[in-house]
Amino acid sequence: MSIQCEVVQERNTSNLPAFLSRLEQARTAIVQLYATWAYQRRITRSRRALEALPEHILHDIGWPNVDDRLPGIPKKPS
């Protein structure tokens, strides 16, 4: 009777840590993109609310600067 032994080659370790790392990087990038989009949206909504005010109120708060107007949004006459 003889004993036969098979050499078991060491398998590669799991790719799970690398996958989780890439998944975390993707999540971080998506969260950052959403935060940037939400911030810009908040600024746009605030400007629209200000520009909807009557001209005399805008003048009182010093808003009627030409550079502060949103592109493509005409000023409503008061």
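The sequence shown begins at 42 in the working numbering and counts up one residue at a time. Where is the CB? At the ideal position from N, CA and C, for every residue including glycine. Owing to the predicted nature of the structure, the values given are computational and were not obtained by experimental measurement.
Item	Value
First through last residue of the alpha helix (DSSP H) which encompasses residue 59	57 to 92
Euclidean distance between Cα positions of residue 119 and residue 81	For residue 119, the predicted model reports a pLDDT of 49, less than 50, meaning its position is unreliable and no value from the coordinates is stated.
Residue 100, buried or exposed, once every other Cβ within 10 Å from all chains shown has been counted against 16	exposed
Cβ pair residue 104, residue 91 closer than 8 Å	yes
For residue 101, the three-state DSSP class (helix, strand or coil)	helix
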